[in-house]
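Residue numbers (the UniProt record's numbering): 1 to 186.
Glycine included, every Cβ here is placed at the ideal spot set by N, Cα and C.
None of the values given here were measured: they were computed from a predicted structure.
A short write-up of the structure that comes next.
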Amino acid sequence: MNTTTVMSSPLPLRHMSCRNRQGQRGVVAIEFALVFLFGLLPLLLLTFSGVLVFAAKQSLTLAAADGARAALHYNSSASNGNLTDACSAALNDMNWIFEVANSGGTPTPSSCASSSISSNSATATITADNSSCTVATGATSCVMVTTTYNYENSPLVLGTGTLYGWFTKGKLESSATIQIYNNQGS
């Protein structure tokens with residue numbers, strides 16, 4: 001019982017004709033293009049836009065903290081003097097966000113005329129307020145600086161507003177509160 005079965009196996013690449021090898025190279029090029037378009041490019045877009053969302057959130061946090069520090073540093077005897085300074089200091093840190101929010105409209109102001117400012121479409125806002133926080137003694141006051149950016153209305157990368165809507169919940173916001181001890185006469 002000596003039966004041998006001969007299996008037909010595909011020819012190795014070196015035995016294939018030149019025409020078939022060129023066809024295989026074309027298939028590899030098409031596969032690479034598809035993997036790049038549908039695999040790697042979306043991952044790069046998600047990574048890049050996620051980093052921009054993180055940078056915007058960090059800028060908002062830094063702007064609120066610097067605004068609160070400015071309210072302490074430039075504490076004046078005027079009732080709203082330190083609120084305007086707090087808003088202007090926060091605006092300096094949020095300048096690039098205001099430029100994105102205005103998107104070619106009016107130029108970004110360099111300082112605040114009052115205790116709050118917002119972009120053209122109210123996408124980016126800064127508010128310095130001394131009425132929303134309470135203090136224990138009469139010799140102290142406090143200032144709360146709130147910075148906001150509505151990411152859903154004006155995404156940093158086009159098309160990602162609804163994509164990151166679940167993450168940002170519509171807007172990015174940060175606030176900082178500072179308590180100021182007024183020891184003017186002592």
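(Q) One question on the structure: do S59 and M94 come within less than 8 angstroms of each other, judged by their Cβ atoms? (A) yes
**Q.** Neighbour-count burial assignment, V143, 16 or more Cβ in a 10 Å radius
**A.** buried
Q. Considering A122, what are the terminal residues of the beta strand (DSSP E) in which it resides?
A. No beta strand (DSSP E) contains A122, which DSSP labels as neither H nor E.
Q: Return the bridge partner residues of A176 from the DSSP annotation.
A: V145
Q: Tell me, please, which residues DSSP counts as bridged to Y181.
A: T140
Q) If you run the structure through DSSP and keep just helix, strand and coil, what is A113? A) coil
Q: Give the straight-line distance between the Cα atoms of T148 and L156, rounded to the nearest whole angstrom.
A: 14 angstroms
Q. Alpha helix (DSSP H) containing E99: first to last residue?
A. N95 to N102
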